[in-house]
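Here's the structure we're looking at; comments come further down.
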Amino acid sequence: MLTKKWSLSPNRCFAPEPVQRRLAHQFFETISALPLVCPHGHVDPALLANPTARFGSPTELFIIPDHYIFRMLYSRGISLQALGIPTSDGSPVETDHRKIWQIFAEHFYLFRGTPSGLWLKDELINVFGVDEPLNARNAGYIYDYLEKQLALPAFSPRALFKRFNIEVLCTTDAASDTLENHQSLHQEGFTQIKPTFRPDAVVNLDTPSWRENLTKLESTVGREINTYAIFIQILEERRAFFKKMGATATDQSAATPYTTRLSAQEAETIFARALTNKLNPGDAERFTGHMFVEMARMSVEDGLVMQMHCGIMRNHNPDIFERFGSDKGADIPLKIEWTENLRPLLNAYGNNSHFHLILFGLDESTYSRELAPLAGHYPAVLLGPPWWFHDSVNGMERYFNMVMETAGLYNTAGFNDDTRAFVSIPARHAVWRRVACNWIAGLVMRGLVEEEEGYEMAQALAYDLAKAAYKL
Amino acid sequence: MLTKKWSLSPNRCFAPEPVQRRLAHQFFETISALPLVCPHGHVDPALLANPTARFGSPTELFIIPDHYIFRMLYSRGISLQALGIPTSDGSPVETDHRKIWQIFAEHFYLFRGTPSGLWLKDELINVFGVDEPLNARNAGYIYDYLEKQLALPAFSPRALFKRFNIEVLCTTDAASDTLENHQSLHQEGFTQIKPTFRPDAVVNLDTPSWRENLTKLESTVGREINTYAIFIQILEERRAFFKKMGATATDQSAATPYTTRLSAQEAETIFARALTNKLNPGDAERFTGHMFVEMARMSVEDGLVMQMHCGIMRNHNPDIFERFGSDKGADIPLKIEWTENLRPLLNAYGNNSHFHLILFGLDESTYSRELAPLAGHYPAVLLGPPWWFHDSVNGMERYFNMVMETAGLYNTAGFNDDTRAFVSIPARHAVWRRVACNWIAGLVMRGLVEEEEGYEMAQALAYDLAKAAYKL
Amino acid sequence: MLTKKWSLSPNRCFAPEPVQRRLAHQFFETISALPLVCPHGHVDPALLANPTARFGSPTELFIIPDHYIFRMLYSRGISLQALGIPTSDGSPVETDHRKIWQIFAEHFYLFRGTPSGLWLKDELINVFGVDEPLNARNAGYIYDYLEKQLALPAFSPRALFKRFNIEVLCTTDAASDTLENHQSLHQEGFTQIKPTFRPDAVVNLDTPSWRENLTKLESTVGREINTYAIFIQILEERRAFFKKMGATATDQSAATPYTTRLSAQEAETIFARALTNKLNPGDAERFTGHMFVEMARMSVEDGLVMQMHCGIMRNHNPDIFERFGSDKGADIPLKIEWTENLRPLLNAYGNNSHFHLILFGLDESTYSRELAPLAGHYPAVLLGPPWWFHDSVNGMERYFNMVMETAGLYNTAGFNDDTRAFVSIPARHAVWRRVACNWIAGLVMRGLVEEEEGYEMAQALAYDLAKAAYKL
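Chains as they are written, first to last, in this note's numbering: chain P, 533 to 1004; chain R, 533 to 1004; chain Z, 533 to 1004.
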């Protein structure tokens, strides 16, 4: 079988015009070897805490845990069972990983022009040395090849962590988490892995398993949480513990960025209704809005950076949710409003330049209308990079185009990969760095910034801004 | 009078950069001769059913029936009467078609940079062989020339249908339509013309002439429709009849894509109130929302593809509506929401990959936020091409930019021209094919897809996707 | 100290592709020397009425009055006090203008890629002849240089007005304004300065100082305004006075473009409640919506062009508002809706092509969805240029991209600089003219318009459209 040699274009993500492309290369050369700063993501710390951990089969690495991948296959009529996605009730699914890989290979064309397609290609070529385009015919051959690679020590998570040149990697961890993996990593001296405090499971009262989550937190701290006042005190203590374990940031997510300040009395009353499972309509939303303001207050006090990820309807498809659970590619964005919703929080803490509030949304119509003007005024506000669906070549270009003129580059927070797919991290940073350098090259070509300035901007986007924004 | 020879640039719609342009040409060469697939439009089937039909005068072909054209002239202060648009009450309007044509020619510059301008130029040059730019001085000369051409058999609708290389053309037809033109075409063996079932006139209870429309349907089927149950039964029968006549799809339009499932009882009650002209506020909207779900159910049962066109306020200008009726260029888009509104329908039928639900909207902010994520998850959902105002060079580029990375190319439905202007069909498809090839060339130039993949993507966008989406 | 010579790229704002760039230059050459038409802005007429007026120190010219500049510094943690912004209560702020300038120079990099950065560079180089990039080291030197220049008669407002080749400059003036500066200018024969009637302060009943504003208007006209009927009569008289003083236009601003027609009775009742400080919730919004319609009626009667600027939340940051007042960089845009909101006004007056209604908004998602379709239908509607945050290279490109195909070029109102920063006027017009020529060059390159047409379009965008839209 004669196959074309597979390779990544050295010009990828760069504009076609030759002079701009050359300039983009020049900028990229100065920053491509910088270490990776990963201030927000979902890598499981156990992968790194255990020196003998391995990724499993190619299917376990690339398909089963990655909703970016299987949602696309699902959208074209392939069942999640056929892809080996575990069911909630344990009913059987495909267990033949080679067979799943074959389906994946046959449908690899579906990823044309998608960020997943770009990352996969980069991972297969750059991380694993695959040199043929994956297709139905070579699927088995490539599966065998990858399986052998993955068994080698050089492809252990720890070996790749080193090879990827990751300077710092922040995980995302529940308020109740004991951070044992982080503790053992720190005892080893592996301090580049840091936790992030994510209290959604106990703060968003409408989380389906809220009561269980609270019980888990009670068990972690060894105290009963039967009042709002104790709840707040425990959260403050957990933040202090996370900070001691290296955390520099928190993270919260909600459908909308609605914020409000409840009286202590009202907060106490709603919390009591939650404990007795008697929430009134609107209670959960008001409480989440209040907790955004409370978490901002705590950040002002303890210095942890605050992140808000807003505008997604989780589990849009109840059939998938019931059979397979959350994070199965069925989360769909919502239009949101920041200007009015953030006002209570910003009026309280937005003028404090030591407080860093990093905003993420999926409603791009708010980039130029609301987010950039807010970041361009409030000392506390920084804009996170394009999130989720928009972590893509076009998504980044739209972001640069719509955000930078108004917010100013230095009110943005650089890049973060926000991924649980550890092996995709270098590919994701490479896309950002390339698109950024190409954007800067475009500014220079159009006489909007000087070439000298471009080098500083490239360094900022690739490295400096993320470190400064996250106090790393 | 010395005039510049008028011609279409061979590079039209292609990016300026020479290598990308060459690549776009390469892709375009492989697909430009493919037959035209026209799965959704508003051509009158009588034009083709009658072998001796002609288009009439140049003014009757290009101006009087085309609201894209006369709305632009109207917006610059030219009255619809002066353009020969018929009034509802029969009060007189300009009847001198040469005079109307002269006004059009004098204002031809208004179409600079608009899709109408691009189509008109293509039609005049490619269909009719006009070789001078239309202007005030040559208006009469060109009118005479076109008038002669239009009288020739070579310019009959049937002759042009053949010349245009149309493989299939779907019309849009009311639920009450007897499809006599389609029947006679089929009897002739002319099966490339297919009807589409469009029940809006009887399904949207707030249609001004709803009662008359229902009466018409009663008269078509020869039965009284005095209950909701009978109404549903009749719709199912009409769908079966349309399907027998070649239909593969239905189409519905509403201001919003709100969907809901009413109980049979509630549906019956609202329908009864409609029959007695005693609708309560909200009844019509709820009933339309329910009928979206009902039509989806029927599609699951009979296999007809379902189309939704949402987000337009019809007849924004009551003065124009009263004097000239509907479809007079006074329909203005509305912002809409898909994520929450479509949930009831998708939860019921979205996981069925044999059900094709093709979505069209005019609120481009929903492309990347809602539509692409929905199409990239639900097996049933496909995205229609840019609709109406956005069926344009920039509109298509925004669509490719904002949709494809998240939805994936293979969750889109190719192109449809959606036009009643039969003679503009090849020009419209040419714009789509050119913009598509240029988009693919851009991806190749930026190293995002391989050149080999590009040929397959071009073929898909020009031909395959539309056939597959519409089950043609 | 060796420094690089500072210069503006002759290619600025032009696309990198060499043929398109050459074409953009060709178009630009034919229009770059055209006089500047400034139909909407906020220059203080006193600057020009007084022949001996000067701009003050460099800090007084560039920093203290310009919220575009100090908001960016504030967003990075520099206090407004440190920048010499006057406080409402007169509490002390930095008065050492050299020290403020030093801070500005040290943070000049914050303006990279922003329109402010582009304008500043153009002003420093083209207006003042600065030939080194401003930075921390040369800040003092450049301050001294500018200070000397600013003291010269050649840098008086009047001298610059002439040098800038401004054909007409419209100011924005309160309903109560006696227009004494305009009167004295007219008496001198300086008729290029025209007032614009801006009645917001008395028309928007929820303006904090509404009662004082009304009192001021009463004092200007020497009559008590104790009924709505008198209020309307006074507004009509003021419009007549403004018109006599050269005004061709009015301007109104509100959070939303909601319009409605109140009965005379209802308008009278709400006005009476305002006079007794007993407004009901919703009164102010309804009254503002009614006054939009009333102002449209008056425009139909007296021929003044009507402008609406909608979609901004003023004073988002109450802390800044209390300490420093309005217009301190803390105004944040809101999403808005035009299609339904403008309907009452347009149904009443939109079909009148002698009435010019120029619309401005900050919600770009409405460009292609609502604004362009409205302008492409209603004879009265014209679209203003990109406003405020969107008066930028990318903002203009998005505007051309999203507006022109649907609205048509000739339903737009050219450019206006909307600035109180007099010295920035040529830089702002240069950006518009350059981006416009580059846009046209792109259309020609892509075969969408002919080169000959491009010259006419460039002339229209640079000069003709603004004069026609504003009846200048």
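Cβ atoms here follow ideal geometry from the backbone N, Cα and C, with glycine treated the same way. Predicted, not measured: the structure shown is a model, and the values here were computed from it.
### Task
Verify the CB distance criterion: does Gln-552/Z have a CB-CB separation below 8 Å to chain R?
yes
### Message
According to DSSP, simplified to helix, strand and coil, what is Glu-549/R?
### Response
coil
### Query
Any residues in the region 888 to 901 of chain Z with a beta carbon nearer than 7 Å to a beta carbon of chain R? Which ones, in chain order?
Ser-897, Ser-900 and Arg-901
### Task
Give a yes or no on contact between the region 888 to 907 of chain R and the region 837 to 856 of chain R, applying the rule of three or more CB pairs nearer than 8 Å.
yes
### Task
Run through the region 675 to 730 of chain P for me and flag every whole beta strand (DSSP E) of 3 or more residues, listed as ranges in chain order.
698 to 702
### Task
Using a Cβ cut-off of 8 Å (strictly closer), state whether Pro-548/P contacts chain R.
yes
### Task
Please compile the residues from chain R whose C-beta is within a distance smaller than 8 Å of the C-beta of Val-925/P.
Glu-937, Arg-978 and Leu-980
### Query
At which residues does the beta strand (DSSP E) containing His-841/Z begin and terminate?
837 to 842
### Query
Between the region 641 to 668 of chain Z and chain R, which residues of the former have CB atoms less than 8 Å from a CB of the latter, in chain order?
none
### Message
As an exercise, report each continuous alpha helix (DSSP H) stretch of at least 4 residues that is fully enclosed by the region 861 to 945 of chain R, in chain order.
### Response
875 to 881, 904 to 907 and 925 to 939
### Message
Just to confirm the assignment: which complete alpha helix (DSSP H) runs, minimum length 4, are found wholly within the region 945 to 983 of chain Z?
### Response
957 to 977
### Message
Residues of the region 595 to 627 of chain P in Cβ contact with chain R at a cutoff of 8 Å, in chain order, please.
### Response
Arg-603, Met-604, Tyr-606, Ser-607, Arg-608 and Gly-609
### Task
Using a cut-off of 9 Å between C-beta atoms, extract the partners of Thr-871/P located in chain Z.
Met-845, His-848, Ile-864, Pro-865, Leu-866 and Lys-867
### Query
Who are the neighbours of Pro-918/P on chain Z, taking C-beta pairs under 9 Å?
None at all; the shortest Cβ gap to chain Z is about 16 Å.
### Any C-beta of chain R under 8 Å from that of Asn-745/P
no
#### Entry: Span of the beta strand (DSSP E), counted from its first residue to its last, around Ser-785/R
781 to 786
### Closer than 8 Å at the beta carbon, the chain Z residues around Ser-885/P
Arg-608 and Gly-609
### Message
Counting only C-beta atoms, is Tyr-942/R closer than 8 Å to chain P at any point?
### Response
yes
#### Entry: Leu-555/R (DSSP reduced to helix, strand or coil)
helix
### Task
In the DSSP assignment, find the beta strand (DSSP E) that holds Val-569/Z and state where it starts and stops.
568 to 570
### Query
Can you pull the DSSP bridge partners for Met-845/Z?
Ile-864/Z
### Message
Let me check understanding here. Comparing Cα to Cα, which of Lys-1003/Z, Leu-642/Z and Arg-770/Z lies closest to Asp-709/Z?
### Response
Arg-770/Z
#### Entry: is_contact[Lys-999/Z, chain R] using C-beta, thresh 8 Å
no
### Query
Distance, Cα to Cα, Ile-972/Z vs Phe-546/Z?
11 Å
### Query
Does the Cβ of Gly-814/Z have 16 or more other Cβ atoms within 10 Å, making it buried, or fewer, making it exposed?
exposed
### For Phe-853/Z and Val-575/Z, believed in contact at Cβ under 8 Å, the rounded distance
With 8 Å as the limit, Val-575/Z and Phe-853/Z do not qualify as a contact, their Cβ atoms being about 24 Å apart.
### Query
Beta-carbon of Leu-906/Z versus every beta-carbon of chain R: anything under 8 Å?
yes
### Query
Which chain Z residues sit within Cβ distance under 8 Å of Asp-922/R?
According to the sequence displayed, residue 922/R carries His and not Asp. Within 8 Å Cβ-Cβ: Ser-900.
### Query
CB-CB under 7 Å to His-822/Z, same chain, minus the five flanking residues each way: which ones, in chain order?
Thr-792, Arg-793, Leu-794 and Ala-799
### Message
If the cut-off is 8 Å on Cβ atoms, which residues from the region 746 to 761 of chain P count as contacting chain Z, listed in chain order?
### Response
none
### Query
Buried or exposed: His-909/P, going by 16 or more other Cβ atoms within 10 Å of its Cβ?
buried
### Query
What does Asp-851/P touch in chain R if you count any residue whose Cβ is under 9 Å from its own?
Asn-879, Gly-882 and Asn-883
### Limits of the unbroken alpha helix (DSSP H) element including Lys-776/P
760 to 776
### Message
Does Glu-626/P come out as helix, strand or coil in the three-state DSSP assignment?
### Response
coil
### Task
Just confirm the distance between the C-beta atoms of Ile-674/Z and Phe-636/Z, as a whole number of angstroms; I'd bet it's less than 8 Å.
With a Cβ gap of about 10 Å, Ile-674/Z and Phe-636/Z do not count as contacting.
### Query
Within this structure, are the beta carbons of Pro-583/P and Arg-695/P separated by less than 8 Å?
no
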